[in-house]
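To start, the structure itself, in structure tokens.
Numbering (our numbering), first residue to last: 2 to 334.
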């Protein structure tokens, strides 16, 4: 038989309401009573019913975690950090896998059904309007890895993707590359658009530099590999590529090596994210590090603050990136 609140009250010698207050966040209970109840609960192996507690507090402690790119191994790191970060704070993630879905209606409906306390949209590809749909439904929401804006409609935590494009362009120029290319993810993705804009903007004052652009079908290894195979088969490969994402870079690296070419001897590559795989010895990808743990921690903190204060002023938190030198670009000088 499951241990009940009544059993704990009897063992502790207190009323059932005292036990209930002990396990209700913010409820008033003396330290002496709390200690007696906790001791009795530990001895009996009692754990409060989270669903029953939500009826009293009006909080489910559920946070909707919405994402759409499970084909990218980076998401395993992101998912691990988000779930552990939420659980460490006494919250429970409710995962929503969008797959190819871009309409927020179904996600809003589902998260309403589960009465989540708040929502974190973890995606660098979805437009700001997707996250805003949750705000319009009166759900506290944070767009993690979202598109930066000086006047965001929802809370955004992430990086300046335009500046990352500029960083990649400067890295290629500094190494003497003059025939360069951007190999992005899906052209409709906001991160692709911004990284491409920064890359092209930084290179536009250099008329001696040839620039080409192509887009992969998805942010995935297979898509990056397929697009590089196409470029190589058409003899259209550049000297160096900013791939806009590590997993695209690693796919491109596979295609280049399969074609009998070397990196960086024949073709240079620079990625973005600094996912764990990028540092593997057989890959050694030069990349732009996105501070993912810091972004996730800040996203969780902001989500909790917004749940507690729904009228909180909307803000955008931006984290700086840095180039991590490895082995896929030729040395400077």
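Ideal Cβ positions, reconstructed from N, Cα and C, are used throughout, including at glycine.
Exposed or buried, residue i, counting other C-beta atoms within 10 Å across all chains shown (16 or more means buried)?
| i | result |
| --- | --- |
| residue 168 | buried |
| residue 333 | exposed |
| residue 106 | exposed |
| residue 103 | exposed |
| residue 14 | exposed |
| residue 194 | buried |
| residue 203 | buried |
| residue 16 | exposed |
| residue 307 | buried |
| residue 88 | exposed |
| residue 191 | buried |
| residue 314 | exposed |
| residue 46 | exposed |
| residue 218 | exposed |
| residue 90 | exposed |
| residue 1 | Since the first residue shown for the chain is 2 and the last is 334, residue 1 is missing from the structure and cannot be characterised. |
| residue 28 | exposed |
| residue 70 | buried |
In the DSSP assignment, find the unbroken alpha helix (DSSP H) run with residue i in it and report its ends.
| i | result |
| --- | --- |
| residue 126 | Where residue 126 is concerned, there is no enclosing alpha helix (DSSP H), given that its DSSP letter is neither H nor E. |
| residue 39 | 32 to 45 |
| residue 323 | Per DSSP, residue 323 belongs to no alpha helix (DSSP H); it is in the beta strand (DSSP E), 323 to 325. |
| residue 8 | 6 to 13 |
| residue 286 | No alpha helix (DSSP H) holds residue 286; DSSP gives it neither H nor E. |
| residue 1 | There is no way to answer for residue 1, as the model of the chain reaches only from 2 to 334. |
| residue 173 | 162 to 175 |
CA-CA distance, residue i and residue j?
| i | j | result |
| --- | --- | --- |
| residue 309 | residue 116 | 15 Å |
| residue 259 | residue 288 | 21 Å |
| residue 66 | residue 163 | 26 Å |
| residue 327 | residue 249 | 17 Å |
| residue 146 | residue 157 | 7 Å |
| residue 273 | residue 206 | 23 Å |
| residue 237 | residue 182 | 10 Å |
| residue 268 | residue 284 | 14 Å |
| residue 264 | residue 280 | 15 Å |
| residue 6 | residue 43 | 12 Å |
Verify the CB distance criterion: does residue i have a CB-CB separation below 9 Å to chain C?
| i | result |
| --- | --- |
| residue 65 | Looking at the structure shown, chain C is missing, and only one protein chain is on hand. |
So the beta strand (DSSP E) residue i belongs to, where does it begin and stop?
| i | result |
| --- | --- |
| residue 273 | 269 to 274 |
| residue 317 | 317 to 319 |
| residue 336 | The structure shown does not extend to residue 336, since the chain is modelled only from 2 through 334, so no value can be given for it. |
| residue 159 | 156 to 159 |
Which of the three DSSP states, helix, strand or coil, is assigned to residue i?
| i | result |
| --- | --- |
| residue 243 | strand |
| residue 292 | coil |
| residue 200 | helix |
| residue 93 | strand |
| residue 145 | strand |
| residue 65 | strand |
| residue 185 | strand |
| residue 119 | strand |
| residue 70 | coil |
Are three or more beta carbon pairs between the segment 290 to 304 and the segment 313 to 327 nearer than 8 Å? yes
Below 8 Å, can you find three or more Cβ-Cβ pairs linking the segment 223 to 232 to the segment 246 to 266? yes
Is the segment 29 to 37 touching the segment 67 to 79, taking contact as three or more C-beta pairs under 8 Å? no
Cβ pair count under 8 Å reaching 3, the segment 168 to 181 against the segment 131 to 144: no
Pairs of beta-carbons, one from the segment 150 to 163 and one from the segment 217 to 226, closer than 8 Å: are there three or more? no
Indicate whether the contact test is met: 3 or more Cβ pairs, each with one atom in the segment 208 to 220 and one in the segment 136 to 152, closer than 8 Å. no
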